[in-house]
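Those protein sequences? They're chains A and B, same order as listed. Residue numbers in the first sequence follow the working numbering, run continuously in steps of one, and reach 116 at the last position. Residue numbers in the second sequence follow the working numbering, run continuously in steps of one, and reach 110 at the last position. Note that beta-carbon positions come from the ideal geometry of N, C-alpha and C, so glycine has one too. Some notes on the structure that comes next.
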Amino acid sequence: DTEVTQTPKHLVMGMTNKKSLKCEQHMGHRAMYWYKQKAKKPPELMFVYSYEKLSINESVPSRFSPECPNSSLLNLHLHALQPEDSALYLCASSQANLASAGTEAFFGQGTRLTVV
Amino acid sequence: GQSLEQPSEVTAVEGAIVQINCTYQTSGFYGLSWYQQHDGGAPTFLSYNALDGLEETGRFSSFLSRSDSYGYLLLQELQMKDSASYFCAVRAPGGFKTIFGAGTRLFVKA
């Protein structure tokens, strides 16, 4: 199984809503990532979890709250978002061995989020 | 810091060969990766070069010259399905942060 599964595929939420994005992988990867991607732009790293611990937070606003409940799951909790937060949110996973820095990252299909 | 430069668009015809270049500036270097992304899809890993030279995977090859801080992705026998965005990427030293180039949109014409 070389898949990263993200749910939901599409999400429309109001600025006062609370919602969560979910990501799951069963490849035994111990590094998991959240990226944000705007149209015609590259993915921008938001958070990295390594062995279920947050290792990178790219100065993301607190209205985005990540959670890694176990080695297979990654969540992104959303609260009080702004319209400019509308984007494709991608989850990815990879091996956590830093010695193999070019280790392939597997991406999920993303959640297309629209904030109204 | 890290930065990568690649052309914004490339157009080629079916059956041709196209080369997408990437130059990088990094404070440490751990290899150059390439990803393909179709519109509406997820990025898909294509290749990785840690050492100088050419890596070949089917119709795709990737090249790296560390002395020139330069690499390229070579696509042969282009097919319509190769129309996509291609990103070069480097890993920041000491961690998991991957920096992506702005991406090159490849248009393959019949």
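- For Gln25 (chain B) and Pro93 (chain B), the rounded distance between their alpha carbons: Looking up residue 93 (chain B) in the second sequence gives position 93. Looking up residue 25 (chain B) in the second sequence gives position 25. Gln25 (chain B) has its alpha-carbon roughly 13 Å from the corresponding atom of Pro93 (chain B).
- Task: Decide yes or no for the touch test of the stretch 56-71 of chain A against the stretch 60-71 of chain B: beta carbon pairs closer than 8 Å, at least 3 of them.
- Result: Flag = no, the stretch 56-71 of chain A and the stretch 60-71 of chain B do not touch.
- Message: Within 9 Å of any Cβ in chain B, is that where the Cβ of Glu104 (chain A) sits?
- Response: The residue labelled residue 104 (chain A) in the question sits at position 104 within the first sequence. Yes, Glu104 (chain A) counts as interfacial toward chain B.
- Query: Ala12 (chain B) bridges to which residues according to DSSP?
  - Reply: As a working mapping, residue 12 (chain B) is identified with position 12 in the second sequence. Bridge partners of Ala12 (chain B): B:Val108.
- Query: Within this structure, are the beta carbons of Tyr86 (chain B) and Ile20 (chain B) separated by less than 9 Å?
  - Reply: Reading the second sequence from its first residue, position 86 is the one you call residue 86 (chain B). Reading the second sequence from its first residue, position 20 is the one you call residue 20 (chain B). Going by C-beta atoms, Tyr86 (chain B) is nearer than 9 Å to Ile20 (chain B).
- Output yes if chain A places a C-beta closer than 9 Å to the C-beta of Lys97 (chain B); else output no. Counted from its first residue, the second sequence places residue 97 (chain B) at position 97. Under the Cβ criterion of 9 Å, Lys97 (chain B) is counted among the residues facing chain A.
- Message: So, under 8 Å CB-CB, Ser50 (chain A) and Arg30 (chain A) are touching, yes? Tell me the CB distance rounded to an integer number of Å.
- Response: Numbered from its first residue, the first sequence carries residue 50 (chain A) at position 50. Numbered from its first residue, the first sequence carries residue 30 (chain A) at position 30. The beta carbons of Ser50 (chain A) and Arg30 (chain A) sit about 7 Å from each other, so the pair counts as a contact at 8 Å.
- Message: Let me make sure I understand the geometry here. Which of A:Thr5, A:Lys53, A:Gln109 and A:Ile56 has the alpha-carbon closest to that of Pro43 (chain B)?
- Response: To locate residue 43 (chain B), count along the second sequence from 1; it is residue 43. Nearest in C-alpha terms to Pro43 (chain B), of all of A:Thr5, A:Lys53, A:Gln109 and A:Ile56, is A:Gln109.
- Query: For Leu46 (chain B), which of B:Ser3, B:Gly40 and B:Phe60 has the nearest alpha-carbon?
  - Reply: The residue given as residue 46 (chain B) occupies position 46 in the second sequence. The candidate whose alpha carbon is nearest that of Leu46 (chain B) is B:Phe60.
- Item | Limits of the unbroken beta strand (DSSP E) element including Gln37 (chain B) | Here residue 37 (chain B) is taken as the residue at index 37 of the second sequence, counted from 1. Following the DSSP letters along the chain, one finds Gln37 (chain B) inside the beta strand (DSSP E) bounded by residues Leu32 to Gln37.
- Hey, would you say Lys36 (chain A) sits closer than 9 Å to Pro43 (chain A), going by beta carbons? Stepping through the first sequence from its first residue, residue 36 (chain A) is reached at position 36. Stepping through the first sequence from its first residue, residue 43 (chain A) is reached at position 43. The criterion of a C-beta distance shorter than 9 Å is satisfied by Lys36 (chain A) and Pro43 (chain A).
- Message: For a minimum of 4 consecutive residues, which ranges assigned as the alpha helix (DSSP H) are wholly contained in the stretch 19-90 of chain A?
- Response: Runs found: none.
- Item | Spatial distance of Lys81 (chain B) from Gly41 (chain B) (CA atoms) | Within the second sequence, residue 81 (chain B) is the residue found at index 81, counting from 1. Within the second sequence, residue 41 (chain B) is the residue found at index 41, counting from 1. Roughly 13 Å between the two C-alpha positions.
- Residue of B:Thr98, B:Thr104, B:Ser83 and B:Leu51 minimising C-alpha distance to Ala110 (chain B): Here residue 110 (chain B) is taken as the residue at index 110 of the second sequence, counted from 1. Looking at the Cα atoms, B:Ser83 is the closest of the given residues.
- Message: According to DSSP, simplified to helix, strand and coil, what is Gly80 (chain B)?
- Response: Working through the second sequence from its first residue, we reach residue 80 (chain B) at position 80. Going by the sequence as given, residue 80 (chain B) is Met instead of Gly. If DSSP states are grouped into helix, strand and coil, Met80 (chain B) belongs with the helices.
- Helix, strand or coil at Ser61 (chain B) according to DSSP, with G and I counted as helix: Numbered from its first residue, the second sequence carries residue 61 (chain B) at position 61. Note: Ser61 (chain B) maps to strand in three-state DSSP.
- Message: Looking at the strands, I want to know which residues DSSP matches up with Val18 (chain B).
- Response: As a first step, residue 18 (chain B) must be located in the second sequence, where it is residue number 18. The partner list for Val18 (chain B) (beta bridge, DSSP) reads B:Leu75.
- Query: Hey, is Phe107 (chain A)'s beta-carbon within less than 9 Å of any beta-carbon in chain B?
  - Reply: As a working mapping, residue 107 (chain A) is identified with position 107 in the first sequence. By this cut-off, Phe107 (chain A) is an interface position.
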